[in-house]
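Comments concern the structure below.
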Amino acid sequence: FVQTPNMDRLAEEGVYFSNAFVTTSLCGPSRASFLTGQHARTHGVQTNYTAWNNDNLTFLELLKSAGYDTAFIGKWHMPGGLPELRGLDQFVTFTVQRGQGRYIDCPLIVNGVVTPSRKSYITEELTDYALEFIKQPHEKPFCLYLSHKAVHHRWIPPPEMADLYKDEEPIFPKEFDPLVLLTRGHLFEGFNLGSAREMYLNYARTTTALDYHVGRVLDALDNLGLAENTIVIYASDQGFFWGEHQLAGTGRWAYEESIRIPFIVRAPGFTSGAGRKAGQMVLNIDVAPTVLEMAGLSVPDNMEGQSFLPILNSESVPGRTAWFYEYFRDFPYRVPTMHGVRTQTHKYIEYEGRRKPELYDISRDPFEK
Numbered sequence: 008f009v010q011t012p013n014m015d016r017l018a019e020e021g022v023y024f025s026n027a028f029v030t031t032s033l034c035g036p037s038r039a040s041f042l043t044g045q046h047a048r049t050h051g052v053q054t055n056y057t058a059w060n061n062d063n064l065t066f067l068e069l070l071k072s073a074g075y076d077t078a079f080i081g082k083w084h085m086p087g088g089l090p091e092l093r094g095l096d097q098f099v100t101f102t103v104q105r106g107q108g109r110y111i112d113c114p115l116i117v118n119g120v121v122t123p124s125r126k127s128y129i130t131e132e133l134t135d136y137a138l139e140f141i142k143q144p145h146e147k148p149f150c151l152y153l154s155h156k157a158v159h160h161r162w163i164p165p166p167e168m169a170d171l172y173k174d175e176e177p178i179f180p181k182e183f184d185p186l187v188l189l190t191r192g193h194l195f196e197g198f199n200l201g202s203a204r205e206m207y208l209n210y211a212r213t214t215t216a217l218d219y220h221v222g223r224v225l226d227a228l229d230n231l232g233l234a235e236n237t238i239v240i241y242a243s244d245q246g247f248f249w250g251e252h253q254l255a256g257t258g259r260w261a262y263e264e265s266i267r268i269p270f271i272v273r274a275p276g277f278t279s280g281a282g283r284k285a286g287q288m289v290l291n292i293d294v295a296p297t298v299l300e301m302a303g304l305s306v307p308d309n310m311e312g313q314s315f316l317p318i319l320n321s322e323s324v325p326g327r328t329a330w331f332y333e334y335f336r337d338f339p340y341r342v343p344t345m346h347g348v349r350t351q352t353h354k355y356i357e358y359e360g361r362r363k364p365e366l367y368d369i370s371r372d373p374f375e376k
């Protein structure tokens with residue numbers, strides 16, 4: 008029942024990847040992987056408590072060196088203080104709540120200066136900054152990295168959507184037990200507050216609010232005559248459990264609900280067949296090399312992802328056959344260090360400690376029962 012007309016529009020005008028994944032299902036490591044094209048073991052942000060290494064090279068820095076105007080706007084969420092991100096013309100972020108930010112009246116740091124929020128709702132505020140950057144006179148091409156807080160818990164929709172979907176009933180997995188929300192360390196996720204139904208409806212409302220502001224960005228590109236010359240990538244940093252495997256909360260585990268992400272690419276001039284669904288496997292580490300190839304730049308040897316531009320060009324390109332998953336334990340969460348391999352049909356996971364390895368035939372058992 009969740010309405011996302013602007014994400015739907017992106018999918019209709021681009022390519023929707025139905026098998027997109029993250030190589031570490033956790034905020035900080037995944038975000039670092041988007042920027043660097045590397046696994047967590049390589050870029051060093053292995054948990055939400057390990058700091059970003061300022062020696063890391065990002066695709067934004069490479070685009071800036073090639074003559075692009077660049078901006079990073081939104082959630083950074085890596086420890087160790089604000090990074091020394093080279094190659095940025097504008098850097099808008101926040102550090103409150105250990106970098107998670109908050110939905111209402113979130114103070115920002117704009118190019119190093121603490122700045123009060125101009126708009127109460129964080130998704131609107133970040134989008135406003137993004138639109139201001141897009142609408143600037145640009146003599147050069149530009150790259151905008153817009154990193155929303157939404158839809159991370161705890162979900163707070165804008166006031167005008169507070170009653171949206173009030174008559175809807177979420178459908179939870181059969182194995183879902185509301186008591187799970189109070190056990191297995193989920194207290195740390197803040198899940199002990201409120202009913203599962205109301206939390207899910209707020210999740211849905213917050214998603215629809217995000218979609219509205221995605222639409223504002225798309226409309227701005229249309230109105231400025233930039234849509235046909237601008238690549239738009241929509242993605243997320245991890246999946247989320249709503250009772251599957253009797254788990255609730257943000258990723259970490261190597262199960263499908265955790266490692267899968269939404270992934271849509273609208274790339275005029277690079278895409279064959281708008282509205283196409285691509286089943287090839289793509290990863291968060293693939294974004295950096297793809298963007299560089301689209302810009303006509305060479306991809307550094309230390310980037311571990313691979314460009315999915317050939318898949319955009321042709322639906323017959325096979326794509327990768329397997330990839331490597333890793334998660335490093337981050338106390339106090341009771342999730343062990345794990346490593347896994349996901350192929351087109353199977354998944355194998357090994358855990359640190361006494362938990363036994365797991366092997367699944369995804370083609371016959373997609374819910375990993």
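Numbering (this note's numbering), first residue to last: 8 to 376. The C-beta atom is built at its ideal place from N, Cα and C for all residues, glycine as well.
About 19 angstroms separates the beta carbon of N63 from that of Q97, a gap too long to meet the 8 angstroms contact definition. Bridge pairing for Q97: A78 [DSSP]. Secondary structure note for I318: its alpha helix (DSSP H) is the uninterrupted segment 316–320. In the three-state scheme derived from DSSP, where H, G and I count as helix and E and B as strand, Y207 is classed as helix. Take M14, set aside five residues on each side of it, and the residues of its chain with a beta-carbon closer than 6 angstroms to its own are D218, in chain order. When C-beta atoms of the stretch 170–185 are compared with those of the stretch 123–133, fewer than three pairs fall below 8 angstroms, so the two segments do not count as touching.
One alpha carbon belongs to I369, the other to D112, and they sit about 43 angstroms apart. Taking the Cα of D337 as reference, the smallest distance to any Cα among N55, G21, M288, M301 is reached at N55.
With fewer than 16 other beta carbons inside 10 angstroms of its own, S127 counts as exposed.
Around the beta carbon of T57, 16 or more other beta carbons sit within 10 angstroms, so the residue counts as buried. Closest by C-alpha distance to A255, out of M206, A285, F277, is M206. In the three-state reduction of the DSSP assignment, K284 falls in the strand class, which pools E and B. At a Cβ-Cβ threshold of 8 angstroms, L233 and V22 do not count as neighbours.
Membership of L70 in the alpha helix (DSSP H) is indicated by the continuous run 66–72.
Annotation: E375 to H353 spans about 10 angstroms, alpha carbon to alpha carbon. A distance of 8 angstroms or more separates the beta carbons of L33 and T65. Residues E333, E357 of the same chain have their beta carbon placed closer than 6 angstroms to that of H346, with the five preceding and five following residues left out of the count.
Contact between F28 and L316 does not hold, since their C-beta atoms are separated by about 18 angstroms, which reaches or exceeds 8 angstroms. Boundaries of the alpha helix (DSSP H) harbouring V294: 294–301, taken from the DSSP string. Collapsing the DSSP output to three states places N26 in a strand.
Non-local C-beta neighbours of E263 in its own chain, meaning closer than 6 angstroms and more than five positions away in sequence, are absent. A residue is called buried once 16 or more other Cβ atoms fall within 10 Å of its Cβ, and D308, having fewer, is exposed. Going by C-alpha positions, T344 is about 28 angstroms away from S314.
With at least 16 other beta carbons inside 10 angstroms of its own, H46 counts as buried. Going by DSSP, A242 is part of no alpha helix (DSSP H) but of the beta strand (DSSP E) stretching over 239–242. By the neighbour-count criterion, in which 16 or more other beta carbons inside 10 Å mark a residue as buried, Q143 falls on the exposed side. When the alpha-carbon of G246 is set against those of N230, V224, F270, A329, the nearest one is in F270. In this structure A157 is buried. Its beta-carbon is surrounded by 16 or more other beta-carbon atoms within 10 angstroms.
The C-alpha of L171 lies about 9 angstroms from the C-alpha of P164. A direct Cα-Cα distance of roughly 35 angstroms separates A18 from Y340. When DSSP states are grouped into helix, strand and coil, I129 belongs to the helix group.
Contact check for L67 and C150: beta-carbon distance about 6 angstroms, within the 8 angstroms limit, so the pair qualifies. Here D368 carries a strand assignment [DSSP, helix/strand/coil].
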